[in-house]
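Contents: one structure, followed by commentary.
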Amino acid sequence: MEIIKKSLLKSLWVMHAPMSPCNNCDIEILDALTPRYDLERFGIQLVGSIRHADVLLVSGVPNYKNYKKLKYLLDQAAKPCFVVGVGTCSCGRGMFKDSYNSPCNVDDLVKVDAYIPGCPPRPEAIIAGVVKLINALK
Amino acid sequence: MKKIIPIGPYHPLQDEPEFFKLYVEGENVVDIDIEIGYNHRGVEKLSETKHYDQVTFLVERICGICSTSHPFAYVNAMENLLGLEVPLRAKCIRTIVGELERIHSHLLWLGLAGHFIGYNTVWMWSWKYRENVCDILELISGNRQHYSMFKIGGVRKDIPQDLIPEVEKLCTNLVAVIDMFKGAVMDDPVIQARLKGVGVLTKEDAINYCVVGPTARASGVDIDVRRDDPYAAYGMIKFNVIVLQNGDVFDKAVVRILEMYESIKIIQQCLDILKTEKGEIEIKIHFIPKGEGLGRHEAPRGEVFHFIKSDGSNRPVRHKIRAPSYMNVASNKVAAVGQTVSDAAITLAAVDPCYCCTERAVILDRNDNIIYRYNDLIKLSQQKTEGLIKKLVKQK
Ligand code: SF4
């Protein structure tokens with residue numbers, strides 16, 4: 280267990296699951312990986328498959344078409360896999376709370392380990408959120 | 006034998022959920038199916054539950070990349086309803102924000118396009134320089150994204166006089182950046198070989214599929230709402246509409262790059278007006294009368310259209326939004342079919358699709374009963390695709 284934890288903290292691989300975002304949170308996530316903020320220097324890398332991921336970044340509000348898929352996605356992950364809610368939408372649905380196509384919050388579907396509020400959160404906030412998650416894991 | 010290659014819905018290359026089914030025979034794409042709906046949030050219906058000022062913020066959150074286009078079209082629609090002329094200063098500020106957004110959106114697209122064809126350097130570069138545009142926007146509005154600058158009757162924040170030289174300087178610095186990209190794309194033999202003649206959308210198809218924006222202008226269709234139906238400050242300003250003829254991915258890239266120069270020209274002219282014009286930045290509105298309003302705006306991807314119907318209360322009774330990707334995405338049907346699988350990704354990306362914008366609609370009957378929900382809509386769209394396929398087969 281110790282060795283898993285040790286290696287995990289050195290290189291968190293993230294995958295990003297847009298539920299039905301307005302796109303801005305996703306752009307800011309990608310932004311955090313590009314030269315100005317460069318999350319990769321902390322060993323954080325965006326990966327293409329949930330099976331490689333240690334962290335699932337969820338953005339946006341779940342809707343009827345995709346809300347079941349989030350749990351399905353997480354079930355396929357190698358454990359431990361942490362869930363981070365990026366943006367106000369995934370923290371509490373924000374202004375889409377009353378939409379007819381929004382059945383529930385993200386945390387009604389899966390256990391969320393960290394919330395990064397903001398609409399959209401700045402890349403700095405995303406980095407701070409991830410760092411807090413790492414510190415909490417220690 | 007036909008094989009299906011699914012791309013998405015959650016794909017690392019895409020920043021939003023979308024699902025393409027490529028039907029391939031060997032290396033060639035013979036058909037394509039686009040399944041959307043992963044982004045539907047019911048904005049049009051939500052808009053009916055919010056009052057007019059709140060709707061500005063709601064429509065802003067339709068899409069993050071074009072987060073000024075929707076409020077722009079919405080305030081245009083409201084001012085059309087009210088028969089209102091906003092002050093000159095507000096017009097210029099609106100135009101500046103709109104054009105800055107165009108630059109940031111085109112840079113973003115350029116980066117993703119580079120990423121799609123395996124030029125990750127272009128991706129990292131263009132996103133690096135996109136930050137500079139975000140900085141200007143932050144300077145003006147206080148936000149990197151979702152600027153919240155617009156309100157009915159004007160703008161929410163002024164650009165103070167002492168900020169103007171700085172904004173001007175930062176914009177001038179952007180010219181060198183665009184020069185660099187122009188060189189990197191237009192003079193690079195590999196990019197030319199990779200993009201020329203790929204994903205051609207002929208002028209005829211462009212008109213048949215009603216495409217708009219850079220996608221249309223790269224195919225020789227000369228449309229631009231900014232020039233054809235001037236609003237905000239566009240009527241007082243000189244700029245060129247870039248039109249190219251070939252309709253391939255290369256031309257689409259070039260159109261976008263050249264458009265960025267025009268955007269900078271527009272911003273500089275607006276800043277010049279701002280230097281001397283010292284007026285109000287908004288007109289206070291106390292009452293929204295009964296009526297209907299139409300608003301259009303040339304978003305980075307094409308024409309956004311908003312329709313508002315008011316019954317004299319403080320909320321719209323109907324708010325119809327049509328985003329440019331709605332038309333542009335369908336054109337993939339002709340652009341991507343016949344290509345090899347390897348070219349499909351860049352062809353699909355070349356229209357700069359934005360699903361957040363496209364997916365809001367739900368169809369209601371007169372008594373507000375929902376007759377089509379998302380799965381009916383999917384069925385509908387499938388039927389439509391089937392119809393299109395049949396038509397295409399017949400034509401052959
Ligand atoms: S939190 Fe804001 S920026 Fe993020 S997806 Fe939701 S509306 Fe968009």
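So the protein sequences, as listed, match chains S and F.
Heads up: the first sequence at position 53 corresponds to 332 in my numbering, and the numbers run straight through without jumps.
Heads up: the second sequence at position 230 corresponds to 235 in my numbering, and the numbers run straight through without jumps.
Cβ coordinates follow ideal geometry from the N, Cα and C atoms, glycine included.
Please read all numbers here as calculations on a predicted model, not as lab measurements.
**Report entry** Own chain residues within Cβ distance below 8 Å of Lys280 (chain F), not counting five before or after
**Finding:** What you label residue 280 (chain F) is simply residue 275 of the second sequence in a count that begins at 1. Taken in chain order, the residues that qualify are Gln166 and Ile169.
Query raised in the report: Any idea which residues DSSP pairs Tyr394 (chain S) with across the strands?
Result: Locating residue 394 (chain S) in the first sequence gives position 115, counting from the first residue. DSSP lists S:Gly364 as partners of Tyr394 (chain S).
Requested in this report: Under the assumption that Val138 (chain F) contacts Ile108 (chain F) (Cβ atoms under 8 Å), give the Cβ distance between them as a whole number of angstroms.
Outcome: Counted from its first residue, the second sequence places residue 138 (chain F) at position 133. Counted from its first residue, the second sequence places residue 108 (chain F) at position 103. Rounded, the Cβ-Cβ distance is 5 Å, consistent with contact.
Query raised in the report: Under 7 Å from any heavy atom of the ligand SF4, does the C-beta of Asn303 (chain S) make it?
Result: Here residue 303 (chain S) refers to the residue found at position 24 of the first sequence. For the ligand SF4, at least one heavy atom lies less than 7 Å from the Cβ of Asn303 (chain S).
Requested in this report: Leaving aside the five residues before and after Phe375 (chain S) along the sequence, list all residues of the same chain whose C-beta is less than 7 Å from its C-beta, in chain order.
Outcome: Taking the first sequence and counting its residues from 1, one reaches residue 375 (chain S) at position 96. Cβ-Cβ distances below 7 Å link Phe375 (chain S) to Val340, Cys368 and Ser381 in the same chain, with the five nearest sequence neighbours on each side left out; the list follows chain order.
Query - Interface partners of Cys301 (chain S) on chain F, CB under 7 Å - result: Taking the first residue of the first sequence as position 1, residue 301 (chain S) is located at position 22. What Cys301 (chain S) touches in chain F: Arg66, Ile67, Cys68, Gly69 and Cys361.
**Report entry** Ser146 (chain F) to Lys284 (chain S) span [Cα, whole Å]
**Finding:** Locating residue 146 (chain F) in the second sequence gives position 141, counting from the first residue. Locating residue 284 (chain S) in the first sequence gives position 5, counting from the first residue. Each residue's CA atom was taken as its position, placing Ser146 (chain F) and Lys284 (chain S) some 43 Å apart.
Query - Chain-ordered neighbours of Pro354 (chain S) on chain F, where CB pairs are closer than 9 Å - result: Looking up residue 354 (chain S) in the first sequence gives position 75. A quick correction: the sequence has Asp, not Pro, at residue 354 (chain S). Residues of chain F whose Cβ lies closer than 9 Å to the Cβ of Asp354 (chain S) do not exist, since the nearest Cβ in that chain is about 14 Å away.
Query - Nonlocal neighbours in the same chain, by C-beta distance under 7 Å from Ala341 (chain F), ignoring five residues either side - result: As a working note, residue 341 (chain F) is residue 336 in the second sequence. The residues are Val34, Ile37, Gly204, Ala349, Thr352 and Leu353.
Query raised in the report: With contact counted as at least three CB pairs below 8 Å, one residue from each stretch, are the region 348 to 366 of chain S and the region 294 to 301 of chain S in contact?
Result: yes
Query raised in the report: Roughly how many angstroms separate the alpha carbons of Asn81 (chain F) and Lys96 (chain F), rounded to a whole number?
Result: Against the second sequence, residue 81 (chain F) aligns to sequence position 76. Against the second sequence, residue 96 (chain F) aligns to sequence position 91. Going by the C-alpha atoms only, they are around 11 Å apart.
Requested in this report: Would you kindly work out how many angstroms separate the C-alpha atoms of Thr345 (chain F) and Ile122 (chain F), rounded to a whole number?
Outcome: Residue mapping note: residue 345 (chain F) aligns to position 340 of the second sequence, counting from 1. Residue mapping note: residue 122 (chain F) aligns to position 117 of the second sequence, counting from 1. Taking the straight line from one Cα to the other gives about 13 Å.
Query - Between the CA atoms of Gly307 (chain F) and Arg257 (chain S) - distance to the nearest angstrom - result: Examination of residue 257 (chain S) is not possible in this model, given that chain S is present from 280 through 417 alone.
Query raised in the report: Can at least three beta-carbon pairs, one atom from the region 71 to 87 of chain F and one from the region 244 to 259 of chain F, be found at a separation below 8 Å?
Result: no
Query raised in the report: Cβ of Pro399 (chain S) versus every heavy atom of the ligand SF4: is any distance shorter than 7 Å?
Result: Stepping through the first sequence from its first residue, residue 399 (chain S) is reached at position 120. Because some heavy atom of the ligand SF4 lies under 7 Å away, the Cβ of Pro399 (chain S) counts as near it: yes.
Query raised in the report: Just the Cα atoms here: how many angstroms apart are Tyr28 (chain F) and Tyr43 (chain F)?
Result: Here residue 28 (chain F) refers to the residue found at position 23 of the second sequence. Here residue 43 (chain F) refers to the residue found at position 38 of the second sequence. Rounded to whole angstroms, Tyr28 (chain F) to Tyr43 (chain F) spans 21 Å at the Cα level.
Requested in this report: Would you tell me roughly how many angstroms separate the C-alpha atoms of Arg301 (chain F) and Pro321 (chain F), rounded to the nearest one?
Outcome: Numbered from 1 along the second sequence, position 296 holds the residue referred to as residue 301 (chain F). Numbered from 1 along the second sequence, position 316 holds the residue referred to as residue 321 (chain F). Near 17 Å, if we compare the C-alpha coordinates of Pro321 (chain F) and Arg301 (chain F).
Report task. May I ask whether a heavy atom of the ligand SF4 can be found less than 7 Å away from the beta carbon of His295 (chain S)? Result -> For the purposes of this step, residue 295 (chain S) is taken as the residue at position 16 of the first sequence. Not so, every heavy atom of the ligand SF4 lies at least 7 Å from the Cβ.
Query raised in the report: What first and last residue would you give for the alpha helix (DSSP H) that runs through Phe77 (chain F)?
Result: Residue 77 (chain F) sits at position 72 when you count from the first residue of the second sequence. Note, Phe77 (chain F): alpha helix (DSSP H), Ser74 to Leu87.
**Report entry** N- and C-terminal bounds of the beta strand (DSSP E) containing Leu299 (chain F)
**Finding:** Along the second sequence, one-based indexing puts residue 299 (chain F) at 294. Its beta strand (DSSP E) spans residues Lys295 to Ala304.
Requested in this report: Check the Cβ-Cβ distances between Ile405 (chain S) and every residue of chain F, and say whether any is below 8 Å.
Outcome: Translated into positions along the first sequence, residue 405 (chain S) becomes position 126. Output row for Ile405 (chain S): interface = no.
**Report entry** Check whether Thr100 (chain F) and Ala221 (chain F) have beta carbons under 8 Å apart
**Finding:** Residue numbering aside, residue 100 (chain F) sits at position 95 when the second sequence is read from its first letter. Residue numbering aside, residue 221 (chain F) sits at position 216 when the second sequence is read from its first letter. Against a cut-off of 8 Å, the Cβ pair of Ala221 (chain F) and Thr100 (chain F) comes out as no contact.
Query raised in the report: Quick one: what's got a C-beta closer than 6 Å to Glu106 (chain F)'s C-beta in the same chain, skipping five residues either side?
Result: As a position in the second sequence, residue 106 (chain F) is number 101, starting the count at 1. Contacts found: Thr73.
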